[in-house]
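First up is the structure itself, then whatever we jot down about it.
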Amino acid sequence: MAEKTLFQKIEAGEMEADIVYEDEQCFAFRDINPQAPVHILIVPRKLIRDLNDLEASDEPLVGHLFTGAQKLAADEGVGKGYRTVFNCGADAGQSVDHLHLHLLGGRKLDWPPG
Ligand code: AMP
Numbered sequence: 548m549a550e551k552t553l554f555q556k557i558e559a560g561e562m563e564a565d566i567v568y569e570d571e572q573c574f575a576f577r578d579i580n581p582q583a584p585v586h587i588l589i590v591p592r593k594l595i596r597d598l599n600d601l602e603a604s605d606e607p608l609v610g611h612l613f614t615g616a617q618k619l620a621a622d623e624g625v626g627k628g629y630r631t632v633f634n635c636g637a638d639a640g641q642s643v644d645h646l647h648l649h650l651l652g653g654r655k656l657d658w659p660p661g
């Protein structure tokens with residue numbers, strides 16, 4: 548079996564993380580190196596390496612990640628303004644090869660991002 552991704556180790560409880568949400572399709576935890584007062588990663592339980600590996604059958608799952616972000620943003624008190632980001636590939640700064648949606652909020656977020 549392939550080695551677990553960092554996020555699969557968190558899912559399995561083999562690595563510590565501040566998990567803030569879980570359901571049958573995804574789990575979410577606070578980023579260890581937060582770039583905003585609220586910085587949560589929302590991760591599908593299904594191992595998809597990046598956006599380029601998405602298949603048409605994953606479309607409901609991706610939508611689920613976004614409704615999860617919406618709920619978490621409200622729960623965290625940043626529902627009036629937040630950002631969701633998928634980094635895809637090294638050029639975009641993706642460092643963990645397990646699809647994850649960043650949820651950022653709690654400060655003014657500049658545009659364009661760096
Ligand atoms: P990306 O750069 O888009 O692949 O995002 C990966 C994110 O995972 C980064 O923002 C890291 O700070 C975060 N990260 C790495 N290791 C951990 C960890 N053990 N617990 C929580 N977040 C982590």
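Take 548 as the starting number for the sequence shown in the working numbering and just add one per residue.
Ideal placement from N, C-alpha and C gives every residue a C-beta, glycine not left out.
Residue i, enclosing alpha helix (DSSP H) - first and last residue
{"i": "residue 609", "result": "606-622"}
{"i": "residue 553", "result": "553-558"}
Presumed contact (8 Å Cβ cut-off) between residue i and residue j, rounded CB distance
{"i": "residue 585", "j": "residue 628", "result": "Residue 585 to residue 628, Cβ: 11 Å. No contact."}
{"i": "residue 644", "j": "residue 597", "result": "7 Å"}
{"i": "residue 587", "j": "residue 578", "result": "7 Å"}
{"i": "residue 651", "j": "residue 583", "result": "4 Å"}
{"i": "residue 595", "j": "residue 573", "result": "Contact flag wrong, Cβ pair sits at about 11 Å."}
{"i": "residue 575", "j": "residue 619", "result": "6 Å"}
For residue i, the first and last residue of its enclosing beta strand (DSSP E)
{"i": "residue 598", "result": "No beta strand (DSSP E) holds residue 598; DSSP gives it neither H nor E."}
{"i": "residue 648", "result": "648-652"}
{"i": "residue 632", "result": "629-632"}
Identified DSSP bridge partners for residue i
{"i": "residue 569", "result": "574"}
Helix, strand or coil at residue i [DSSP, three-state]
{"i": "residue 589", "result": "strand"}
{"i": "residue 639", "result": "helix"}
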